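*Asks:* Top to bottom, those sequences are chains A and B. Using the working numbering, the letters of the first sequence correspond one by one to residues 1 to 208. Using the working numbering, the letters of the second sequence correspond one by one to residues 1001 to 1208. Cβ coordinates follow ideal geometry from the N, Cα and C atoms, glycine included. Please read these numbers as outputs of a predicted model, since none were measured by experiment. Before I ask anything, let me first share the structure, which is written out below as structure tokens.
Protein chains: 2
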Amino acid sequence: MQRARTQQAKDQRRKALLTAALDEFYERGFTAARIDDIASRARLSKGSVYLYFDSKDALFTELVKEYALPNVERLEAMAGQAGSAAGAIKMLMGFAPVLVRETVVPKIMKVLIADAPAFPETVTAYRKNVVERGLGLITGILRKASDSGEFQIAAPEMTARLVVAPMIFSAIWKIAFEHDAQARMDIKALFALHEKMLLAALSSGGAA
Amino acid sequence: MQRARTQQAKDQRRKALLTAALDEFYERGFTAARIDDIASRARLSKGSVYLYFDSKDALFTELVKEYALPNVERLEAMAGQAGSAAGAIKMLMGFAPVLVRETVVPKIMKVLIADAPAFPETVTAYRKNVVERGLGLITGILRKASDSGEFQIAAPEMTARLVVAPMIFSAIWKIAFEHDAQARMDIKALFALHEKMLLAALSSGGAA
DNA sequence: GACAAATAACTGACTGGTCAGTTATATAAA
DNA sequence: TTTATATAACTGACCAGTCAGTTATTTGTC
């Protein structure tokens, strides 16, 4: 095996190990996942894993830490661009299928759900830094829209959760069922409908 | 130890083992759960588990099988009573907090999500017999409402998924986050709002 | 009703296999 | 030649599943 001498090369190895770990944790669960398999996926041997991480636990917690933020930041960047709440919702509903189908988010979700009791601090950190922050973003948009008179929204925090719920639903669906091709779902259609119904509800005062 | 000599007593032991297994699988995950611990929870020794079940795997699959149906049936019974789609939705939204807080459904969900890849047939069976059947029930109600002119609903299957999404959302929230008291959510309020917004969207033609 | 024999539920020590983490050795690079 | 990186053989803890032995309960006999 060629050696990673530069810092850059080492970072690359580290990252390869993290994605390998995510895939193994995703497919087998934390306990059933073998360090040996994670190493092979990253084209290294087991011993080398311990050059980059202290333990299996460390692999897990650093994995979540590393993959957590980028997607919220992406979301925040997008939300900043939209002028109205309606515009922000449209943007979000366009982004949702990408989030579910093309990002690592559903995998992280599954891994976190599955092993929440074993890593309570990691889960709490994820909730605060990613979930609550994402919800807060949407809540803020809704509250602003309510203040400006665009919509009437009595409970923006709750409404934000309802905005987000179909994302969780479709991520879970994918995770749990879509290894079976028969169960595939038209996620774009789902979010197109969600957008329509949401805007209809908001503009007819359904959240007032 | 008192012995289970009658069939009834044996059924009771079996059931005790299944609920013990559910709790252990829920808290630790399938692989990390120890048969020894499941046995202790049911006040038996490890060896006795194998008098009632062939293997750890069997414990899992029979567990899901046994706990799956009753809740759909409960739902179907409730849905049969409602006259209108609006009535059915109100009923469902009243039942949802009970389902999330007081039934075994979120635990089963978690266990299934966590170990889906290890038990693909069990998961497929669950999807068909429980999830699709539950969704089908709601789809039917919506379709009937569309036919009778109560609401206009272009895609009842998709709409049904949006009706259900907040149930999954709150179940996942509970599973993942609520070991931390700080994260507790007002589920009743969530479903009250969902009901309002849903009915607003449907009656203003948001799903047409 | 008392006792013995038969039954079957139950137990826990044991086995075989697995796997996280360690370490002695090899080798690429400088 | 020295150093850092990688490897693979190794160790020890752990646990699913087994089975020989134990004992609660029932059944048969007097």
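1. Give a yes or no on whether the C-beta atoms belonging to residue 1053(B) and residue 1059(B) are separated by under 8 Å.
2. Using a Cβ cut-off of 8 Å, which residues of the segment 1048 to 1081 of chain B contact any Cβ in chain A, in chain order?
3. Here's the rule: buried if 16 or more other CB atoms are within 10 angstroms of the residue's CB, otherwise exposed. What is residue 115(A)?
4. Determine the DSSP secondary structure at residue 1018(B), reduced to helix, strand or coil.
5. In the structure shown, what three-state DSSP assignment does residue 109(A) receive?
6. For the segment 1082 to 1097 of chain B, which residues have a beta carbon sitting closer than 9 Å to at least one beta carbon of chain A?
7. Residues of chain B with a CB under 8 Å from the CB of residue 27(A): which are they?
8. Examine the Cβ distances between the segment 183 to 194 of chain A and the segment 1161 to 1174 of chain B and report whether three or more of them are shorter than 8 Å.
9. My assumption, with CB atoms under 8 Å, is that residue 35(A) sits in contact with residue 20(A). Please give the rounded CB distance.
10. Taking 6 Å as the limit between beta carbons, can you name the residues of its chain near residue 29(A), skipping five residues before and five after?
11. Could you check whether residue 169(A) and residue 1177(B) sit closer than 8 Å to each other, using their CB atoms as the reference points?
12. Residue 60(A) by DSSP, collapsed to three states: which one?
13. If you reduce the DSSP assignment to three classes, tell me which class residue 54(A) lands in.
14. Suppose the cutoff is 7 Å on Cβ atoms and the five residues either side in sequence are ignored; what does the same chain contact list for residue 142(A) look like?
15. Give every residue of the same chain whose Cβ lies closer than 6 Å to the Cβ of residue 61(A), excluding the five residues on either side of it in the sequence, and list them in chain order.
16. Taking the straight line between their C-alpha atoms, what separation do you get for residue 109(A) and residue 12(A)?
17. When the Cβ atoms of the segment 1096 to 1110 of chain B are set against those of the segment 1137 to 1151 of chain B, are three or more pairs found closer than 8 Å?
18. Quick check: the Cα distance between residue 79(A) and residue 181(A), rounded to an integer number of angstroms?
19. Looking at the unbroken alpha helix (DSSP H) that takes in residue 184(A), where does it start and where does it end?
20. Listed in chain order, which residues of the segment 1143 to 1154 of chain B have Cβ atoms closer than 8 Å to some Cβ of chain A?
21. Does the separation of the CB atoms of residue 200(A) and residue 207(A) fall below 8 Å?
22. What distance in whole Å lies between the Cβ atoms of residue 23(A) and residue 41(A), which are believed to be in contact at a cut-off of 8 Å?
23. Rounded to whole angstroms, what's the CA-CA distance from residue 147(A) to residue 1093(B)? Just pull it up for me.
24. Which term fits residue 1067(B), buried or exposed, when burial requires 16 or more other beta carbons within 10 angstroms of its beta carbon?
25. Nearest chain B C-beta to residue 175(A) closer than 8 Å, yes or no?
26. Given this structure, state the Cα-to-Cα distance separating residue 1134(B) from residue 8(A), to the nearest angstrom.
27. In whole angstroms, what is the alpha-carbon distance linking residue 88(A) and residue 75(A)?
28. Residue 209(A) lies in the alpha helix (DSSP H); which residues open and close that run?
29. So the alpha helix (DSSP H) residue 1207(B) belongs to, where does it begin and stop?
30. What runs of the alpha helix (DSSP H), each 4 residues or longer, lie entirely inside the segment 5 to 49 of chain A?
31. By Cβ distance, which residues of its chain are closer than 6 Å to residue 145(A), with the 5 residues on each side in sequence left out?
32. Alpha carbon to alpha carbon, what distance is there between residue 171(A) and residue 1055(B)?
33. What's the C-alpha gap between residue 1046(B) and residue 1014(B)?
34. Taking CB distances under 8 Å as the criterion, tell me whether residue 1190(B) reaches chain A.
35. Check whether the Cβ of residue 106(A) lies closer than 8 Å to any Cβ atom in chain B.
*Replies:* According to the data block:
1. Result yes, Cβ atoms of residue 1053(B) and residue 1059(B) sit closer than 8 Å.
2. Hits within the stretch: zero.
3. So residue 115(A) counts as buried.
4. Here residue 1018(B) carries a helix assignment [DSSP, helix/strand/coil].
5. Residue 109(A) falls in the helix class under three-state DSSP.
6. Going along the segment 1082 to 1097 of chain B in chain order, one finds no residue with a Cβ nearer than 9 Å to chain A.
7. Near residue 27(A) (Cβ distances below 8 Å), the residues of chain B are 1117.
8. Taking 8 Å as the limit for Cβ pairs, the verdict is that the segment 1161 to 1174 of chain B does touch the segment 183 to 194 of chain A.
9. With a Cβ gap of about 10 Å, residue 35(A) and residue 20(A) do not count as contacting.
10. Same-chain partners within the cutoff: 114.
11. The Cβ-Cβ distance between residue 1177(B) and residue 169(A) does not fall below 8 Å.
12. The answer is helix: DSSP assigns residue 60(A) an H, G or I state.
13. Correct three-state label for residue 54(A): coil.
14. Within the same chain, 85, 153, 156, 159, 160 come within 7 Å of residue 142(A) by CB-CB distance, once the 5 residues on both sides are set aside.
15. 122.
16. Straight-line Cα distance between these residues: approximately 24 Å.
17. Contact between the segment 1096 to 1110 of chain B and the segment 1137 to 1151 of chain B is absent, because fewer than three Cβ pairs lie under 8 Å.
18. Residue 79(A) and residue 181(A) have their C-alpha atoms some 34 Å from each other.
19. Unbroken run through residue 184(A): none, as it is neither H nor E.
20. Answer set for the segment 1143 to 1154 of chain B: empty.
21. No, they are not a contact pair.
22. Indeed, because the Cβ distance is near 6 Å, the residues count as touching under 8 Å.
23. Straight through space, the alpha carbons of residue 1093(B) and residue 147(A) are spaced by roughly 29 Å.
24. Under this definition residue 1067(B) is a buried residue.
25. Flagged as an interface residue toward chain B: residue 175(A), by a C-beta distance shorter than 8 Å.
26. Whole-angstrom Cα-Cα distance: 52 Å.
27. Between the alpha carbons of residue 88(A) and residue 75(A) lies a distance of about 10 Å.
28. Nothing in the structure corresponds to residue 209(A), since chain A is present only between 1 and 208.
29. Taken as a continuous stretch (DSSP letters only), residue 1207(B) belongs to no alpha helix (DSSP H), as it is neither H nor E.
30. You should have 7 to 28, 35 to 41.
31. Once the five neighbours on either side are set aside, the close Cβ partners of residue 145(A) are 85, 151.
32. Taking the Cα positions, residue 1055(B) is about 31 Å away from residue 171(A).
33. Distance between the alpha carbons of residue 1046(B) and residue 1014(B): 13 Å.
34. It does; some Cβ of chain A falls within 8 Å.
35. So, not an interface residue.
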